[in-house]
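Asker: First the structure, which I've put down as structure tokens, then a few questions once you've had a look.
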Ligand SMILES: Nc1ncnc2c1ncn2[C@@H]1O[C@H](COP(=O)(O)OP(=O)(O)O)[C@@H](O)[C@H]1O
Ligand SMILES: [Mg+2]
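Written as structure tokens, this is what we have:
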């Protein structure tokens, strides 16, 4: 498959389409007053539907913080975060949670699976929470288990999975409801090279098929070519 070479500009070329995700002037300060860390420093970016953005940078550069703010898990010190038309920073906690469940898929680096649920149950949980546990959700869950190579492990619980298997279930779970915005933290850190390639290709494919705005943060430079665009963070700043 041929793709245009990744660009490095902070804005997509097509400025006419309203972005699914837009962060404007986002600064995040963490820690106590005496030991304050600027995890994000005036970050501005926009991601349109159907675009796969990769953000790379060294450890501690702010990659996970960027996703936490984009996903409404952390409120920035300054700036705005628009997802599917709503500014997450001005929503009440309750509405932010509802907006997140409806529009955002989040893949945590450590998967964050529920210890008591089997693989297939992990995938059905977001649909259950959103009140959309229907046949379409069950079919999609089965398709995604297959897509991440876990169909034969559908009944395993997290303690019966390897780190890589948990990571792939975490990814499949985020895709079940076809989110508007998909946020993915270091998806290949527990995977061997062949699996890492599969996951990067799956992200690219799902982004196109579902018209998702995908942001993947990673320090794995071997998978950056799967993205449409690559940005670099250093000390909380996009460079
Ligand atoms: N809860 C926290 N309290 C204080 N500093 C934090 C906290 N979480 C992260 N940081 C700091 O914020 C910076 C960015 O961290 P992070 O976003 O996790 O980077 P990355 O994902 O690129 O490794 C680092 O300097 C990190 O030490
Ligand atoms: Mg991180």
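Numbering (our numbering), first residue to last: 1401 to 1639.
Ideal Cβ placement from N, Cα and C applies to all residues, glycine included.
Owing to the predicted nature of the structure, the values given are computational and were not obtained by experimental measurement.
(1) Please report the straight-line C-alpha distance between residue 1593 and residue 1532, rounded to a whole angstrom.
(2) The alpha helix (DSSP H) that contains residue 1569, what's its start and end?
(3) Between the alpha carbons of residue 1412 and residue 1448, how many angstroms are there, rounded?
(4) Which of helix, strand or coil does DSSP assign to residue 1623?
(5) Consult DSSP for residue 1520 and reduce its assignment to one of helix, strand or coil.
(6) Please confirm whether any heavy atom of ligand 1 lies closer than 7 Å to the CB of residue 1439.
(7) Is the closest heavy atom of ligand 2 to the C-beta of residue 1509 under 7 Å?
(8) Can you tell me whether residue 1488 is buried or exposed? The criterion is at least 16 other CB atoms within 10 Å of its CB, across all chains shown.
(9) Could you check which residue in 1621, 1472, 1494 and 1544 has the C-alpha nearest to that of residue 1597?
(10) Where does residue 1449 fall in DSSP's three states?
(11) If you count every other CB in all the chains shown that lies within 10 Å of the CB of residue 1401, and 16 or more means buried, which is it?
(12) What's the gap between the Cα of residue 1568 and the Cα of residue 1550?
(13) Contact between the segment 1573–1586 and the segment 1607–1622 is defined here as three or more beta-carbon pairs at a separation below 8 Å; is this criterion met?
(14) Below 7 Å CB to CB, which residues in the same chain sit around residue 1479 once its five sequence neighbours on both sides are set aside?
(15) Which of the three DSSP states, helix, strand or coil, is assigned to residue 1548?
(16) Under 7 Å from any heavy atom of ligand 2, does the C-beta of residue 1586 make it?
(17) Straight-line CA distance for residue 1606 to residue 1486?
(18) Which whole-angstrom value describes the C-beta separation of residue 1566 and residue 1518, a residue pair presumed to lie in contact below a C-beta threshold of 8 Å?
(19) If I follow the unbroken beta strand (DSSP E) through residue 1482, where does it start and stop?
(20) Measuring alpha carbon to alpha carbon, tell me which of 1419, 1418, 1469 and 1421 ends up nearest residue 1636.
(21) Whole angstroms are fine: how far does the CA of residue 1471 sit from the CA of residue 1591?
(22) For ligand 1, I want to know if residue 1631 counts as a neighbour, meaning its beta carbon is within less than 7 Å of at least one of the ligand's heavy atoms.
Answerer: So, from the listed chains and residues:
(1) Cα to Cα, the separation comes out at about 35 Å.
(2) Segment 1563–1575, the alpha helix (DSSP H) holding residue 1569.
(3) The predicted model places residue 1412 with a pLDDT of 46, which falls under 50 and marks its position as unreliable; any figure quoted below should be read in that light. When the Cα atoms are used, residue 1412 and residue 1448 turn out to be separated by approximately 7 Å.
(4) Looking at residue 1623 - three-state DSSP - the assignment turns out to be helix.
(5) Residue state, collapsed to three classes: helix.
(6) Within the chosen limit of 7 Å, ligand 1 reaches the beta carbon of residue 1439 through at least one heavy atom.
(7) Yes, ligand 2 has a heavy atom inside 7 Å of this Cβ.
(8) Its Cβ being crowded by 16 or more others within 10 Å, residue 1488 is buried.
(9) Checked all of 1621, 1472, 1494 and 1544; the closest Cα to residue 1597 is 1621.
(10) The answer is coil: DSSP assigns residue 1449 none of H, G, I, E or B.
(11) Residue placement at residue 1401 cannot be trusted, given a pLDDT of 45 that sits under 50; the coordinates are not used to answer.
(12) One Cα belongs to residue 1568, the other to residue 1550, and the distance between them is close to 8 Å.
(13) Yes: the two stretches touch, three or more of their Cβ pairs being nearer than 8 Å.
(14) Answer for residue 1479: 1423, 1424, 1425, 1426 and 1427, listed in chain order.
(15) Residue 1548 falls in the coil class under three-state DSSP.
(16) Result yes, Cβ under 7 Å from ligand 2.
(17) Approximately 23 Å, taken between the alpha carbons.
(18) With 8 Å as the limit, residue 1566 and residue 1518 do not qualify as a contact, their Cβ atoms being about 12 Å apart.
(19) Residue 1482 -> beta strand (DSSP E) spans 1478–1483.
(20) Closest option to residue 1636, Cα to Cα, is 1469.
(21) If you take the alpha carbons of residue 1591 and residue 1471, they lie about 24 Å apart.
(22) Residue 1631 Cβ: outside cutoff for every heavy atom of ligand 1.
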